[in-house]
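Okay, so here's the structure we're looking at.
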Amino acid sequence: MEVPSVNLKAIVLVHWLLTTWGCLEVWLPTAYSWGNFTILAVGVWAVAQRDSIDAIVMFLTGLLLTIFTDIIHFSLYYPRLKHLSDSDRFSAGMAIFSLLLKPLSCFFVYQMYRERGGEYTFNLGFFRAGQDRSSYQSIDQQDPPLPYPDLDIKIAPHPY
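Here it is, written out as structure tokens:
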């Protein structure tokens, strides 16, 4: 099954619009606005730097973190009044809709991360997540000298 291609600009724009609508009323703390708009700024950086793996990883990590912080914000600050105004219900609905879209956005951003060349390998020995660089050799260290000379390429002494 092939994953449909979604533009990173569309993901950032949709979450910006939903976050803006979610902030129409003051039922959420300012931490919600700061957190979401900061991650969207990182998303703009990921759009601008098309080849940057760091930008897309930071955007993906930020989206994952805002899922948890949004759940905390909604559970603590959701209005408990029975008679909410229309703008309160609209604001709450758009913020919740943004939260519900974030896992899908994370999936598409992860696919973009893979397209940019990023790949994490997980070692079961000590759960290290990182790129496998076992085939690379550092350029700032020289190869250690061989303990025995290679006899196959040794030139025979010249007879006098």
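Each step along the sequence shown adds one to the number in the UniProt record's numbering, with nothing skipped, and position 97 is 97. By construction, the Cβ of each residue, glycine as well, lies at the ideal position given by its N, Cα and C atoms.
Could you pull out every residue in the same chain whose Cβ sits closer than 7 angstroms to the Cβ of E25, ignoring the five residues on either side in sequence?
When the five nearest sequence neighbours on each side are left out, the beta carbons in the same chain lying within less than 7 angstroms of the beta carbon of E25 are those of S87, D88, S91, in order along the chain.
Am I right that I39 and R116 are in contact with their C-beta atoms under 8 angstroms? What's the rounded C-beta distance?
Between I39 and R116 a beta carbon distance of about 18 angstroms is seen, past the 8 angstroms cut, so the two are scored as non-contacting.
For A84 and L17, what's the separation of their Cα atoms in angstroms?
A small correction: the amino acid at residue 84 is Leu; Ala does not occupy that position in the sequence shown. Rounded to the nearest angstrom, the two C-alpha atoms are 22 angstroms apart.
Please list the terminal residues of the continuous alpha helix (DSSP H) segment that includes V26.
No alpha helix (DSSP H) holds V26; DSSP gives it neither H nor E.
Would you identify the three-state DSSP class for K9, choosing helix, strand or coil?
Secondary structure of K9 (DSSP, three-state): helix.
Closest by C-alpha distance to V44, when choosing among K82, L64, V14, L76
Out of K82, L64, V14, L76, V14 has the C-alpha closest to the C-alpha of V44.
Looking at the structure shown, is H73 part of a helix, part of a strand, or coil, going by DSSP?
Annotated three-state conformation of H73 is helix, per DSSP.
Less than 8 angstroms separating the beta-carbons of F97 and V6?
At a Cβ-Cβ threshold of 8 angstroms, F97 and V6 do not count as neighbours.
Just tell me which of L63, D70, Y77, R114 has its CA closest to the CA of P103.
The residue with the shortest Cα to Cα distance from P103 is L63.
Might you give, ordered along the chain, the residues of its own chain that have their beta carbon closer than 6 angstroms to the beta carbon of C23, omitting 5 neighbours on each side?
Counting only Cβ-Cβ distances below 6 angstroms, and skipping sequence neighbours, we find S33.
With DSSP as the reference, label P159 as helix, strand or coil.
Look at P159 here: in three-state DSSP terms it is coil, with no helix or strand label.
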